[in-house]
Structures are given as C-alpha cells and as structure tokens.
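Residue numbers for the sequence shown follow my numbering, beginning at 18 and rising by one. Using N, Cα and C, we set each Cβ at its ideal position, and we do this for glycine too. Working notes for the structure below.
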Amino acid sequence: MDSIAILFAGNLSKEASVPLFNGKNSMELAREQAQKFPGVTKTVLIEKQDTPWTKQSLLDKIAELQAGYDFAYFAFADCPFLDPVLAASLAERHTRFKAEYSYADGWPAGLAPEILAPGTAAILSKILASINNGNGNGNNDNDNLIERDFLFSVIQKDINAFNIEAEISGVDLRNHRLSFCADSKRNLLLLNNFINAAGGKLPDAACAENIIQTKPEILRTLPAFYPIQVYGGCPVKCALCPYPAITDATSRKDYMPVSDFENLLEKISAFSGDAVIDLSLWGELSLHPEKLKLIQAVTKNPGLSLVIETSGIGWNINELEKYSGLSNLSWIVSMDTGLAESESCAKKLIELFPNNCYVQTIRTKGSEDETEKFYRQWKDSNVIIQKYDDFCGKLEKKQASDISPIIRQPCWHIMRDMPILINGTVPLCKSDLENNRTLGNVFNDSLETIWKNGEQYYNEHCKKNYSGICGNCDEYYTYNF
Numbered sequence: 018m019d020s021i022a023i024l025f026a027g028n029l030s031k032e033a034s035v036p037l038f039n040g041k042n043s044m045e046l047a048r049e050q051a052q053k054f055p056g057v058t059k060t061v062l063i064e065k066q067d068t069p070w071t072k073q074s075l076l077d078k079i080a081e082l083q084a085g086y087d088f089a090y091f092a093f094a095d096c097p098f099l100d101p102v103l104a105a106s107l108a109e110r111h112t113r114f115k116a117e118y119s120y121a122d123g124w125p126a127g128l129a130p131e132i133l134a135p136g137t138a139a140i141l142s143k144i145l146a147s148i149n150n151g152n153g154n155g156n157n158d159n160d161n162l163i164e165r166d167f168l169f170s171v172i173q174k175d176i177n178a179f180n181i182e183a184e185i186s187g188v189d190l191r192n193h194r195l196s197f198c199a200d201s202k203r204n205l206l207l208l209n210n211f212i213n214a215a216g217g218k219l220p221d222a223a224c225a226e227n228i229i230q231t232k233p234e235i236l237r238t239l240p241a242f243y244p245i246q247v248y249g250g251c252p253v254k255c256a257l258c259p260y261p262a263i264t265d266a267t268s269r270k271d272y273m274p275v276s277d278f279e280n281l282l283e284k285i286s287a288f289s290g291d292a293v294i295d296l297s298l299w300g301e302l303s304l305h306p307e308k309l310k311l312i313q314a315v316t317k318n319p320g321l322s323l324v325i326e327t328s329g330i331g332w333n334i335n336e337l338e339k340y341s342g343l344s345n346l347s348w349i350v351s352m353d354t355g356l357a358e359s360e361s362c363a364k365k366l367i368e369l370f371p372n373n374c375y376v377q378t379i380r381t382k383g384s385e386d387e388t389e390k391f392y393r394q395w396k397d398s399n400v401i402i403q404k405y406d407d408f409c410g411k412l413e414k415k416q417a418s419d420i421s422p423i424i425r426q427p428c429w430h431i432m433r434d435m436p437i438l439i440n441g442t443v444p445l446c447k448s449d450l451e452n453n454r455t456l457g458n459v460f461n462d463s464l465e466t467i468w469k470n471g472e473q474y475y476n477e478h479c480k481k482n483y484s485g486i487c488g489n490c491d492e493y494y495t496y497n498f
C-alpha cells in the first residue's frame, strides 16, 4: 500500500503559524502527524498561490499529485491533532471495501483525514466543470470557496455515483460543534486547552473523546456571537416579544453613538479575533439615525460578520444596494408583525441578498396552519421557523412542542454569546431582562474581565447546577451562527 498525504495550506489563518506544542506550530505538527499515516511515502503541502485556489483547481492539483499512488489522504494543514490510529482504521476500511471516498463521521473536525481513490479527484473536477459550464459563465461563485467539507460537498452533487465508506465514532460528538483546527483565535485556545487537559501532549481521537465528556468546562473559549442593542425604540409592539413589557419601546429614541460602536468593535476584534455581530439585540436598527455608518463599521472589518434582525419597517432599500455584494452581511426579517411593509421589505432584500436574506416566523402552539401557509409562501427563499421563547417564564408558555435534548447540556449562550445593551451593560444572557446577573460594562470594563465573570455560571451548568433564571430556561440548546 503506497499512499500520499496531501495537506492544503492555501487559505489558512495566521493562527496556523503560532507555536502550539514543543515550539512547533499547527502546520508543522499536522505534517508530522500525516507522515505517520499508514503507507505514506510522500507528504505534500499545497500552499497559497497568486491566483486563489478554487474547488476545481484544487481537485485538479490533487489528481495530479496522487497519480501512481494507491490512494491519497487529504486534510487541511492547520490540524495538529490528526490521529494516525484513526487514519489507519479509515484506510483499512477504505481498502477492504474498495471505496472511492472515505471519511470519519461523529468526531470533531481535524482528527481524521479524508481518503480518495485514484481517479476520484479527476472525476469530481469534471462534475464541477459540467455544473459550472451549465450555468453559462464557466465559473460558479460557490466554486471559489474552499471550505472544510469541500470534497464531500462536491461528491453530494452526484453522491450515488460513488462508493463511499465512513468510519463512525462510537460516541457521536458532533453536537459539541468542535473544530480542532488552528483557524481562529478561539480554536487556537481550544487546542491549547486540550493539550493541557491531555497532560501536556497531543491528544489522539480517544483522548479527545474522553476529555470532551469529562472536562466540558474547557470547551468555553472566547465569545463568537455579540448581539448588540444600538437603538432603544421599536416601531411596533410584537405580541411574542418581552421587550415592550419592560420599556415603552414605541416612544424610545435613544441610541448608541457611532463612535462608541466603533470603539466597541475594536475591542471585540482584539479580544475574539473573529465574531458575528448581531444588530439589534432590542430595538429596530432601521430607526438609528446613522445606521448605515454602523453597517459600514462592521462590514469593513474582514474578521467580523454582520447579521441584521429587523421587522422590515423603516428601511430605504435604495440605500442598501451598495452592500448587496458583501458576503459578511446577512438579514433576518421577522414576518410576525403581519404588516405589508415587512413583506415588501423582505422581497426587496431577497433580491439584493439572495443567499444571505432569511424570512422568519415564530412557531407557537396552535399556529400550525399559519406556519404552513408562511412556509408555502416563502419556500423558494431562505426560511427560518423559529421556536417560541418564553424568556424563562416571562411570557406565556406557547411552545408548539418540546424539542429539548433528553440530556441537558451546558448553555450554548453562556458558552459563546456576549449580549450588550445600549448603555454597555452585559447581562448574563438576553433572557436576563432585569439584569439580575450583570457581568460588567463594555465601556468601563475589559472584555476579558466581563467574559471571565460569566465563567462561574458556565461551570455551574457543567456540574448540572442551573440556578436563577437558568432553571426555567428553554433556550440553552439553541445556537446562533
């Protein structure tokens, strides 16, 4: 068995070059681990080039490199925990069943390579070429994105044409949404946490599995989602929202100044590295007198993405046309107001942002007919059917069904969100409407201190202790971007 290990380094982040273990960075460690894969006689690093790699050009390169080998291992070059033992199991299965493509399922990304039989990469390249030529432009925009699952995403286009094998984990760890790749400040911290938890060594798949189940407290790294209130008022009082019950939302006109918002973004970038900014936590962004400056402040930062949640009321769509080509701007239009302006705004935003605009409604008990009608009307667009949130008992319980996990897990929101109110106050979570558990203020305290103040509550969850409003929460398992 003569195989080649191909590591892709064409679009890695700066964290891949940061020393991680024994003075070596993640790329050096990934290469060392790949060289230990069974049958590997050659290891190749595909590096960044002047012309950005596309899916098709990368597949062509893989096909070229694996010529003459029994099969090729493929992985990204920023995965220091690649496990030779797991790779051996995968290779044995791949060879025994004469597979064309094999992968590991149930483990976090970064532990196992994918395997391609001779000729498979070339076939996948032809499939892409056929699809792109069929679009009439010879180049599909999606072809320009080399994502972690790019091989499987291409195979899915004609999945029944391939013999596929999967090495399945004995414990399904996908629900933890972990990635052992040095592709962000957040994941670099995660890698360090696992090395420390493994006693100062590189963990293999079995060790990582044990750590995940026995030391969940180390999974909380840095905030990834920042819902920020930038305007205090709303144009309407939504029946399913608790905000009108705690303030006179339709009369408020207070807002966060652009200068404060820009300073806050600088702090977020310095602390988290990359993050999703959500506007607005409470209140309607369209009413902010300098909303376009806020949008520009986020979207010009390559490490930040912006999600705008809106009622669809108060927007001048013509002002938004210049943002239509931005990949880091998404919209969620709530259709629960029932107003014609919301529907009109949603349709226009879908035209401007066809891949990044979502229409949303909340599913409540007894609303099945309305929900089905909504879906039929918008099914050709991106649709979100949101579960009902009673905000820890602040609202009447109207959940249509119980979709909570059988075994409760630590809260995703305490693990990765930092909600920020208009005056800079950071509550434990957005459901803490009375600010009973305030973690700090972003205009007075460092984000490091604020984030550290929330650690005790996450650790309580890891110990199955849900005090305060957490005991009556039905949102702990929901996940934001």
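Runs of the alpha helix (DSSP H) lying entirely within the region 281 to 340 and spanning at least 4 residues, in chain order: 308 to 316. Taking a C-beta distance under 8 Å as the contact criterion, ILE334 and CYS362 qualify as a contact pair.
A contact is defined here as three or more CB-CB pairs under 8 Å, and the region 287 to 295 meets this definition with respect to the region 313 to 330.
Between ALA138 and ILE79, the alpha-carbon positions lie close to 6 Å from each other. Taken through DSSP and simplified to helix, strand or coil, TRP395 comes out as helix. The three-state secondary structure of SER347, taken from DSSP, is strand. For THR455, the enclosing beta strand (DSSP E) starts and ends at 455 to 458.
Three or more pairs of CB atoms, one per stretch, sit closer than 8 Å, so the region 185 to 194 contacts the region 212 to 229. Taking a contact to require three or more Cβ pairs closer than 8 Å, the region 171 to 184 and the region 59 to 70 do not qualify as touching. Of all alpha-carbon atoms in PRO252, ASP277, SER398, ALA104, the one lying nearest the alpha-carbon of PHE370 is that of SER398.
Rounded to whole angstroms, the separation of the alpha carbons of ILE21 and ALA178 is 24 Å.
Counted as a single uninterrupted DSSP element, the beta strand (DSSP E) harbouring ILE185 occupies residues 181 to 185.
By the neighbour-count criterion, in which a residue is buried when 16 or more other Cβ atoms sit within 10 angstroms of its Cβ, THR58 is exposed. Residue pairing by DSSP puts LYS404 in a beta bridge opposite ARG380.
Distance between ILE424 and ILE229, taken at the CA atoms: about 15 Å. Boundaries around GLU45 are those of the alpha helix (DSSP H), 43 to 51, since no beta strand (DSSP E) includes it.
According to DSSP, CYS409 shares a beta bridge with no other residue. In the three-state reduction of the DSSP assignment, ASP122 falls in the strand class. Between the region 479 to 496 and the region 247 to 266 there are fewer than three inter-stretch CB-CB distances shorter than 8 Å, so the stretches are not counted as touching. Annotated as distal: PHE197 and PHE91, with beta-carbon spacing of 8 Å or more. Using a Cβ distance threshold of 8 Å, TYR248 and LEU304 count as a contacting pair. Taken through DSSP and simplified to helix, strand or coil, PRO220 comes out as coil. Short of 6 Å from the beta carbon of THR388, and not among the five residues preceding or following it, lie these beta carbons of its own chain, in chain order: ARG380. LEU207 is positioned such that its CB atom lies no closer than 8 Å to that of PHE38. For TYR243, the enclosing beta strand (DSSP E) covers residues 242 to 245. Annotated three-state conformation of ILE63 is strand, per DSSP.
Put simply, of ILE185, PRO125, PRO135 the residue whose alpha carbon is nearest the alpha carbon of ASP166 is PRO125. The residue from GLU358, LEU337, ILE212, ALA314 with its alpha-carbon nearest to that of GLY329 is GLU358. With a cutoff of 8 Å on beta-carbon distance, ILE312 and ILE437 are scored as not near each other. For GLU81, there is no enclosing beta strand (DSSP E); the residue is found in the alpha helix (DSSP H) stretching over 72 to 82.
Under the three-state reduction of DSSP output, SER463 falls in the coil class, being neither helix nor strand. In this structure, the CA atom of MET435 is about 13 Å from the CA atom of SER297.
Secondary structure note for THR238: it is in no beta strand (DSSP E), with a DSSP letter that is neither H nor E. Counting C-beta pairs closer than 8 Å gives fewer than three between the region 405 to 415 and the region 475 to 482, which falls short of the contact rule. About 6 Å separates the beta carbons of ASN42 and VAL35, which is inside the 8 Å limit, making them a contact pair. CA-CA distance, LEU445 to ARG269, rounds to 24 Å.
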